[in-house]
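According to this note's numbering, the sequence shown is numbered sequentially starting from 289. In what follows, a structure is listed as structure tokens, so that the remarks can point back to it.
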Amino acid sequence: MSLEALAAIAQIVAALAVVITLFYLALQIKQANVQAEVESHRHIWDLLNQWCDLISSSTETAKVVTKGRKSIGELDEAEYLMFEHIHIRLLNTLESWFLQFDKTAKDKAFKTQQMENLKGIAQGYFSYPGTRELWNGFRDHFPAIAHVVDSALGDT
289 MSLEALAAIA QIVAALAVVI TLFYLALQIK QANVQAEVES HRHIWDLLNQ
339 WCDLISSSTE TAKVVTKGRK SIGELDEAEY LMFEHIHIRL LNTLESWFLQ
389 FDKTAKDKAF KTQQMENLKG IAQGYFSYPG TRELWNGFRD HFPAIAHVVD
439 SALGDT
């Protein structure tokens, strides 16, 4: 076998090694992207759990939320501030959740499921007279999810 033939074989082997390496790297990147997406979902779910913990860990907070759901006009200044900020926190989480799955998820069934879950939470928390009134005051501050919350409340 000539030196030129050996060089040609070496080039083919090197090219094949590059292709195999690129294929392997593509798989690794795909797996890393899936893991990053799962992690971002876990972060949103952790935020929602923290919000639930906030409401359920204090009788005082639960009483303010219950009272504010009926009518925000019934709340004193301190209670209103607490009620407002609790729900701003929820809206921030819902908006983050929406943007996360809307911009990153490729699977249509997953996106549909996430949208239904988000609407369910919005409907569950903002359908009371007091929270609906609060939402009406904050709608313009949450343009990314305004249509979602409004749809959940039957306002669209």
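Each residue gets a CB set at the ideal place from its N, CA and C atoms; glycine is no exception.
| Item | Value |
| --- | --- |
| Backbone secondary structure at Phe-430 - three-state DSSP | coil |
| Contact set for Ala-410: own chain, Cβ-Cβ below 8 Å, skip 5 residues either direction | Leu-382, Ile-433, Val-436, Val-437, Ala-440, Leu-441 |
| Nearest neighbour of Met-403, chosen from Lys-394, Phe-389, Tyr-312 [CA to CA] | Phe-389 |
| Whole-Å CB distance - Lys-355 paired with Glu-365, under 8 Å assumed | The Cβ separation is near 13 Å, so there is no contact. |
| Local Cβ density within 10 Å of Arg-357, reported as buried at 16 or more and exposed below that | buried |
| With 16 other Cβ atoms within 10 Å as the buried cut-off, status of Phe-414 | buried |
| 8 Å contact criterion, which Ser-359 and Gly-412 should meet: CB distance rounded | So it is not a contact: roughly 18 Å between Cβ atoms. |
| Length of the line joining the Cα atoms of Ala-303 and Leu-310 | 11 Å |
| Between the CA atoms of His-329 and Asn-405 - distance to the nearest angstrom | 13 Å |
| Reduced DSSP category for Lys-394 - H, G, I as helix; E, B as strand; rest coil | coil |
| His-429 classed as buried or exposed, judged by whether at least 16 other C-beta atoms fall within 10 angstroms | exposed |
| Local Cβ density within 10 Å of Trp-333, reported as buried at 16 or more and exposed below that | exposed |
| Best match in Ala-296, Lys-407, Met-289, Ile-374 for proximity to Asp-341 [C-alpha to C-alpha] | Ile-374 |
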